[in-house]
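Before any comments, here is the structure.
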Amino acid sequence: MNEQLINTKKRYENLDLLRGLAALSVLLYHYLYHYSNIYDLNYGIKVFALGKFGVVLFFVLSGFVIFTSLNNGQSRFSFVKKRFLRLFPTYWICISLTFIITTFYGLPGREVDFQTYIVNLTMLQNLIGVRNVDGVYWTLTYELLFYMFSCVFLFRKNNVRKFFAINIAYMLFQFLLIFSEVDVNIRMKTMILYEYYVFFLVGMIFYFDETNVRLYSSWHLQILLLLSLIYIVLVRAYPFIDILCIAFVYLGIKKQNIIPNGLIKRILLSLGWVSYPLYLLHQNIGFVVIRNASFSFYVNCILAMLLSIALSLVVLKLETKLRVINK
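By the count of our numbering, the sequence shown reaches residue 348 at its end, each step adding exactly one.
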(Lines of atoms letter the chains of each structure in order from A; the text may use other names.)
(Lines give C-alpha, C1' and ligand atoms only; values in the text may rest on other atoms or scores of the structure.)
Protein backbone atom coordinates (compact mmCIF):
# COMPACT_ATOMS: atom_id res chain seq x y z
CA MET A 22 0.00 0.00 0.00
CA ASN A 23 1.59 3.28 -1.06
CA GLU A 24 1.97 6.31 1.21
CA GLN A 25 -0.70 8.37 -0.58
CA LEU A 26 -3.30 5.61 -0.13
CA ILE A 27 -2.38 5.27 3.54
CA ASN A 28 -2.75 9.02 4.05
CA THR A 29 -6.13 9.01 2.28
CA LYS A 30 -7.33 6.17 4.50
CA LYS A 31 -6.23 8.07 7.59
CA ARG A 32 -8.03 11.20 6.45
CA TYR A 33 -11.29 9.32 5.91
CA GLU A 34 -10.82 7.71 9.32
CA ASN A 35 -10.47 11.19 10.76
CA LEU A 36 -13.76 12.18 9.13
CA ASP A 37 -15.47 9.27 10.91
CA LEU A 38 -13.82 10.36 14.16
CA LEU A 39 -15.16 13.88 13.68
CA ARG A 40 -18.64 12.54 12.90
CA GLY A 41 -18.47 10.46 16.06
CA LEU A 42 -17.38 13.49 18.08
CA ALA A 43 -20.19 15.58 16.57
CA ALA A 44 -22.80 12.91 17.36
CA LEU A 45 -21.54 12.50 20.93
CA SER A 46 -21.47 16.27 21.46
CA VAL A 47 -25.08 16.72 20.34
CA LEU A 48 -26.21 13.71 22.36
CA LEU A 49 -24.57 15.02 25.56
CA TYR A 50 -26.02 18.47 24.92
CA HIS A 51 -29.55 17.13 24.72
CA TYR A 52 -29.31 14.75 27.68
CA LEU A 53 -27.17 16.69 30.13
CA TYR A 54 -28.25 20.25 29.37
CA HIS A 55 -31.24 20.68 27.06
CA TYR A 56 -33.55 18.19 28.79
CA SER A 57 -33.23 20.00 32.11
CA ASN A 58 -33.99 23.33 30.44
CA ILE A 59 -37.12 21.98 28.76
CA TYR A 60 -38.58 20.46 31.90
CA ASP A 61 -37.26 23.07 34.35
CA LEU A 62 -34.97 20.74 36.28
CA ASN A 63 -31.72 21.44 38.10
CA TYR A 64 -29.66 18.62 36.60
CA GLY A 65 -28.25 20.52 33.63
CA ILE A 66 -24.46 20.84 33.33
CA LYS A 67 -23.63 24.12 31.61
CA VAL A 68 -20.45 22.95 29.90
CA PHE A 69 -22.51 20.54 27.81
CA ALA A 70 -24.36 23.49 26.28
CA LEU A 71 -21.36 23.59 23.94
CA GLY A 72 -22.47 20.24 22.53
CA LYS A 73 -24.95 21.93 20.20
CA PHE A 74 -21.99 23.07 18.11
CA GLY A 75 -21.63 19.47 16.97
CA VAL A 76 -24.08 20.51 14.25
CA VAL A 77 -21.40 22.87 12.89
CA LEU A 78 -19.04 19.90 12.57
CA PHE A 79 -21.71 17.94 10.68
CA PHE A 80 -22.33 20.79 8.22
CA VAL A 81 -18.63 21.41 7.51
CA LEU A 82 -18.05 17.68 6.99
CA SER A 83 -21.02 17.52 4.59
CA GLY A 84 -19.51 20.34 2.57
CA PHE A 85 -16.15 18.58 2.45
CA VAL A 86 -17.46 15.23 1.21
CA ILE A 87 -20.06 16.51 -1.27
CA PHE A 88 -17.59 16.90 -4.14
CA THR A 89 -16.53 13.27 -3.90
CA SER A 90 -20.08 12.55 -5.07
CA LEU A 91 -20.45 15.47 -7.48
CA ASN A 92 -17.25 14.75 -9.40
CA ASN A 93 -17.04 10.96 -9.60
CA GLY A 94 -18.41 10.71 -13.14
CA GLN A 95 -22.01 9.84 -12.24
CA SER A 96 -25.03 11.51 -13.80
CA ARG A 97 -27.24 13.98 -11.95
CA PHE A 98 -29.94 11.32 -11.72
CA SER A 99 -27.48 8.89 -10.16
CA PHE A 100 -26.35 11.55 -7.70
CA VAL A 101 -29.94 12.30 -6.67
CA LYS A 102 -30.75 8.60 -6.37
CA LYS A 103 -27.74 7.91 -4.16
CA ARG A 104 -28.44 10.92 -1.95
CA PHE A 105 -32.08 9.84 -1.65
CA LEU A 106 -31.11 6.30 -0.65
CA ARG A 107 -28.52 7.68 1.75
CA LEU A 108 -30.96 9.98 3.54
CA PHE A 109 -34.55 8.80 3.33
CA PRO A 110 -34.80 5.06 4.20
CA THR A 111 -32.89 5.55 7.46
CA TYR A 112 -34.88 8.70 8.16
CA TRP A 113 -38.20 6.93 7.60
CA ILE A 114 -37.25 4.10 9.96
CA CYS A 115 -36.04 6.49 12.66
CA ILE A 116 -38.95 8.91 12.44
CA SER A 117 -41.41 6.00 12.62
CA LEU A 118 -39.71 4.61 15.73
CA THR A 119 -39.69 8.06 17.31
CA PHE A 120 -43.35 8.68 16.52
CA ILE A 121 -44.46 5.28 17.84
CA ILE A 122 -42.43 5.46 21.06
CA THR A 123 -43.36 9.05 21.94
CA THR A 124 -47.02 8.37 21.16
CA PHE A 125 -47.12 5.19 23.23
CA TYR A 126 -45.15 6.41 26.27
CA GLY A 127 -45.95 10.11 26.02
CA LEU A 128 -43.54 13.03 26.11
CA PRO A 129 -45.18 16.28 27.23
CA GLY A 130 -44.76 19.13 24.78
CA ARG A 131 -43.11 16.95 22.14
CA GLU A 132 -45.88 14.67 20.90
CA VAL A 133 -47.35 15.15 17.42
CA ASP A 134 -50.40 13.86 15.57
CA PHE A 135 -50.41 11.39 12.69
CA GLN A 136 -50.85 14.08 10.04
CA THR A 137 -47.72 15.86 11.25
CA TYR A 138 -45.84 12.56 11.12
CA ILE A 139 -46.91 12.02 7.49
CA VAL A 140 -45.80 15.51 6.44
CA ASN A 141 -42.47 14.95 8.20
CA LEU A 142 -41.78 11.97 5.94
CA THR A 143 -41.01 14.47 3.15
CA MET A 144 -38.19 16.07 5.20
CA LEU A 145 -39.52 19.45 4.03
CA GLN A 146 -41.76 20.21 7.01
CA ASN A 147 -39.74 23.28 8.00
CA LEU A 148 -40.45 24.91 4.64
CA ILE A 149 -44.21 24.71 5.09
CA GLY A 150 -44.41 25.54 8.78
CA VAL A 151 -45.16 22.04 10.05
CA ARG A 152 -43.68 20.98 13.36
CA ASN A 153 -40.83 18.45 13.48
CA VAL A 154 -41.60 15.02 14.92
CA ASP A 155 -38.25 15.41 16.67
CA GLY A 156 -36.61 18.80 17.10
CA VAL A 157 -33.26 17.61 15.73
CA TYR A 158 -34.79 17.16 12.27
CA TRP A 159 -34.43 20.88 11.54
CA THR A 160 -30.89 20.24 10.26
CA LEU A 161 -32.10 17.72 7.68
CA THR A 162 -33.93 20.40 5.72
CA TYR A 163 -30.66 22.31 5.46
CA GLU A 164 -28.80 19.18 4.37
CA LEU A 165 -31.43 18.39 1.75
CA LEU A 166 -31.49 21.94 0.37
CA PHE A 167 -27.70 21.97 0.26
CA TYR A 168 -27.70 18.78 -1.81
CA MET A 169 -30.28 20.32 -4.16
CA PHE A 170 -28.21 23.50 -4.50
CA SER A 171 -25.07 21.44 -5.16
CA CYS A 172 -26.77 19.27 -7.76
CA VAL A 173 -28.12 22.27 -9.68
CA PHE A 174 -25.25 24.76 -9.41
CA LEU A 175 -22.07 22.85 -8.52
CA PHE A 176 -22.43 19.54 -10.38
CA ARG A 177 -19.00 18.56 -11.79
CA LYS A 178 -17.73 22.11 -11.35
CA ASN A 179 -14.36 20.95 -10.03
CA ASN A 180 -12.91 24.19 -11.33
CA VAL A 181 -12.00 26.73 -8.67
CA ARG A 182 -12.97 29.73 -10.81
CA LYS A 183 -16.48 28.43 -11.55
CA PHE A 184 -16.89 27.40 -7.93
CA PHE A 185 -15.72 30.86 -6.87
CA ALA A 186 -18.09 32.70 -9.23
CA ILE A 187 -21.15 30.78 -8.02
CA ASN A 188 -20.34 31.11 -4.36
CA ILE A 189 -19.16 34.71 -4.42
CA ALA A 190 -22.53 35.65 -5.90
CA TYR A 191 -24.32 33.64 -3.23
CA MET A 192 -22.29 35.16 -0.40
CA LEU A 193 -22.79 38.70 -1.70
CA PHE A 194 -26.52 38.01 -1.70
CA GLN A 195 -26.26 36.86 1.92
CA PHE A 196 -24.33 40.01 2.88
CA LEU A 197 -26.97 42.12 1.13
CA LEU A 198 -29.60 40.57 3.37
CA ILE A 199 -27.55 41.36 6.46
CA PHE A 200 -27.08 45.04 5.67
CA SER A 201 -30.47 45.69 4.10
CA GLU A 202 -33.62 46.34 6.08
CA VAL A 203 -35.57 43.62 4.29
CA ASP A 204 -37.53 41.51 6.75
CA VAL A 205 -36.90 37.87 5.84
CA ASN A 206 -39.20 35.36 7.53
CA ILE A 207 -38.00 32.09 8.99
CA ARG A 208 -39.18 29.95 6.06
CA MET A 209 -37.36 32.11 3.53
CA LYS A 210 -34.23 32.02 5.68
CA THR A 211 -34.42 28.23 5.64
CA MET A 212 -34.86 28.14 1.85
CA ILE A 213 -31.74 30.25 1.27
CA LEU A 214 -29.79 28.41 3.98
CA TYR A 215 -29.35 31.68 5.84
CA GLU A 216 -26.72 31.45 8.60
CA TYR A 217 -25.79 27.83 7.84
CA TYR A 218 -24.73 27.61 4.17
CA VAL A 219 -21.44 29.19 5.16
CA PHE A 220 -20.43 26.02 7.04
CA PHE A 221 -21.07 23.84 3.99
CA LEU A 222 -19.07 26.35 1.96
CA VAL A 223 -16.10 26.17 4.33
CA GLY A 224 -16.14 22.38 3.99
CA MET A 225 -16.08 22.69 0.19
CA ILE A 226 -13.19 25.15 0.40
CA PHE A 227 -11.29 22.61 2.50
CA TYR A 228 -11.99 19.97 -0.17
CA PHE A 229 -10.44 22.09 -2.92
CA ASP A 230 -7.50 22.96 -0.70
CA GLU A 231 -6.88 19.32 0.18
CA THR A 232 -7.32 17.75 -3.26
CA ASN A 233 -5.64 20.52 -5.30
CA VAL A 234 -8.27 20.09 -8.03
CA ARG A 235 -7.21 22.55 -10.76
CA LEU A 236 -5.82 24.74 -8.03
CA TYR A 237 -4.27 27.38 -10.28
CA SER A 238 -6.10 30.18 -8.50
CA SER A 239 -5.82 29.58 -4.76
CA TRP A 240 -6.57 33.22 -4.01
CA HIS A 241 -10.19 32.52 -4.95
CA LEU A 242 -10.40 30.10 -2.03
CA GLN A 243 -8.71 32.55 0.31
CA ILE A 244 -11.24 35.26 -0.53
CA LEU A 245 -14.16 32.89 -0.04
CA LEU A 246 -12.77 31.68 3.27
CA LEU A 247 -12.25 35.26 4.46
CA LEU A 248 -15.81 36.20 3.47
CA SER A 249 -17.10 33.10 5.24
CA LEU A 250 -15.34 33.99 8.48
CA ILE A 251 -16.57 37.60 8.31
CA TYR A 252 -20.10 36.33 7.72
CA ILE A 253 -19.86 34.03 10.74
CA VAL A 254 -18.70 36.92 12.93
CA LEU A 255 -21.58 39.12 11.74
CA VAL A 256 -24.39 36.58 11.93
CA ARG A 257 -23.63 33.94 14.52
CA ALA A 258 -24.15 34.36 18.27
CA TYR A 259 -20.90 32.61 19.23
CA PRO A 260 -18.55 33.00 16.24
CA PHE A 261 -15.41 32.12 18.19
CA ILE A 262 -16.75 28.65 18.99
CA ASP A 263 -17.90 28.18 15.38
CA ILE A 264 -14.42 29.06 14.14
CA LEU A 265 -12.85 26.65 16.64
CA CYS A 266 -15.08 23.87 15.25
CA ILE A 267 -14.02 24.79 11.72
CA ALA A 268 -10.36 24.74 12.76
CA PHE A 269 -10.83 21.31 14.31
CA VAL A 270 -12.25 19.93 11.07
CA TYR A 271 -9.32 21.44 9.16
CA LEU A 272 -6.93 19.77 11.60
CA GLY A 273 -8.71 16.46 11.07
CA ILE A 274 -8.34 16.78 7.31
CA LYS A 275 -4.67 17.71 7.43
CA LYS A 276 -3.36 15.47 10.21
CA GLN A 277 -3.19 11.69 10.09
CA ASN A 278 -3.86 10.90 13.74
CA ILE A 279 -5.86 13.57 15.51
CA ILE A 280 -6.70 11.13 18.32
CA PRO A 281 -4.20 8.48 19.54
CA ASN A 282 -5.10 4.82 19.15
CA GLY A 283 -7.03 3.52 22.12
CA LEU A 284 -10.48 3.13 23.62
CA ILE A 285 -11.59 6.72 23.01
CA LYS A 286 -10.67 6.48 19.35
CA ARG A 287 -12.52 3.18 18.93
CA ILE A 288 -15.62 4.61 20.61
CA LEU A 289 -15.63 7.73 18.43
CA LEU A 290 -15.09 5.68 15.26
CA SER A 291 -18.02 3.45 16.20
CA LEU A 292 -20.21 6.48 16.86
CA GLY A 293 -19.08 7.94 13.55
CA TRP A 294 -20.26 4.85 11.68
CA VAL A 295 -23.75 5.10 13.22
CA SER A 296 -23.83 8.91 13.49
CA TYR A 297 -26.75 9.43 11.11
CA PRO A 298 -29.30 7.07 12.73
CA LEU A 299 -27.96 8.00 16.17
CA TYR A 300 -28.56 11.68 15.49
CA LEU A 301 -32.09 10.97 14.27
CA LEU A 302 -33.05 8.69 17.16
CA HIS A 303 -31.36 9.99 20.26
CA GLN A 304 -33.35 13.03 21.37
CA ASN A 305 -37.04 12.21 21.90
CA ILE A 306 -36.51 8.50 22.45
CA GLY A 307 -33.74 9.32 24.90
CA PHE A 308 -36.00 11.81 26.65
CA VAL A 309 -38.66 9.10 27.04
CA VAL A 310 -36.08 6.87 28.75
CA ILE A 311 -34.82 9.67 31.01
CA ARG A 312 -38.38 10.56 31.98
CA ASN A 313 -39.65 7.02 32.62
CA ALA A 314 -36.71 4.95 33.86
CA SER A 315 -36.79 4.45 37.63
CA PHE A 316 -33.17 5.29 38.42
CA SER A 317 -31.33 8.52 39.16
CA PHE A 318 -31.26 11.20 36.46
CA TYR A 319 -27.68 10.54 35.39
CA VAL A 320 -28.13 6.76 35.32
CA ASN A 321 -31.21 7.32 33.17
CA CYS A 322 -29.07 9.42 30.81
CA ILE A 323 -26.59 6.55 30.48
CA LEU A 324 -29.44 4.14 29.75
CA ALA A 325 -30.84 6.56 27.16
CA MET A 326 -27.43 6.76 25.51
CA LEU A 327 -26.99 2.99 25.41
CA LEU A 328 -30.49 2.42 24.03
CA SER A 329 -30.02 5.09 21.35
CA ILE A 330 -26.74 3.52 20.23
CA ALA A 331 -28.27 0.02 20.22
CA LEU A 332 -31.26 1.18 18.16
CA SER A 333 -28.90 2.98 15.78
CA LEU A 334 -26.97 -0.23 15.16
CA VAL A 335 -30.22 -2.10 14.48
CA VAL A 336 -31.42 0.60 12.08
CA LEU A 337 -28.07 0.67 10.28
CA LYS A 338 -28.13 -3.11 9.81
CA LEU A 339 -31.76 -3.02 8.62
CA GLU A 340 -31.07 -0.17 6.20
CA THR A 341 -28.04 -2.03 4.81
CA LYS A 342 -30.15 -5.15 4.19
CA LEU A 343 -32.84 -3.10 2.46
CA ARG A 344 -30.22 -1.49 0.25
CA VAL A 345 -28.88 -4.91 -0.77
CA ILE A 346 -32.41 -6.14 -1.56
CA ASN A 347 -33.12 -3.06 -3.70
CA LYS A 348 -30.02 -3.70 -5.78
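We treat Cβ as the ideally placed atom computed from N, Cα and C, and that holds for glycine. In this text the structure is predicted, and so the values were computed from the model without any measurement.
Assignment of Q95 by DSSP, reduced to helix, strand and coil, places it in the coil class.
Counting only runs of at least 4 residues, the region 231-300 fully encloses the following alpha helix (DSSP H) elements, listed from N- to C-terminal order: 239-256, 260-275, 284-294.
Separation of S249 and V205 (C-alpha to C-alpha, rounded to the nearest whole angstrom) is 20 Å.
Comparing C-alpha distances from F125 to each of N305, L255, D37 shows the shortest one belongs to N305.
Contact annotation, G72 with Y54: C-beta distance approximately 7 Å; criterion of less than 8 Å satisfied.
I122 is positioned such that its CB atom lies no closer than 9 Å to that of V320.
Straight-line measurement puts the Cα of Y218 at about 12 Å from the Cα of T162. Between the alpha carbons of S171 and R182 lies a gap of roughly 16 Å.
The C-beta distance from F80 to L49 rounds to 19 Å, too long to meet the 8 Å contact threshold. If you draw a straight line from the Cα of V151 to the Cα of N278, it comes to about 43 Å.
Going by beta carbons, I213 and L198 fall inside the 9 Å limit. Going by DSSP, K67 is part of no alpha helix (DSSP H) at all; its letter is neither H nor E. Pairing T111 with I59, the inter-Cα distance amounts to about 27 Å.
Annotated as proximal: T89 and Y228, with beta-carbon spacing under 9 Å. In this structure, G84 places its C-beta atom within 9 Å of the C-beta atom of I226. Of the residues L334, S99, A325, the one whose Cα lies closest to the Cα of H51 is A325.
For the options V86, G283, H303, L193, the alpha carbon positioned closest to that of Y158 is the one of H303.
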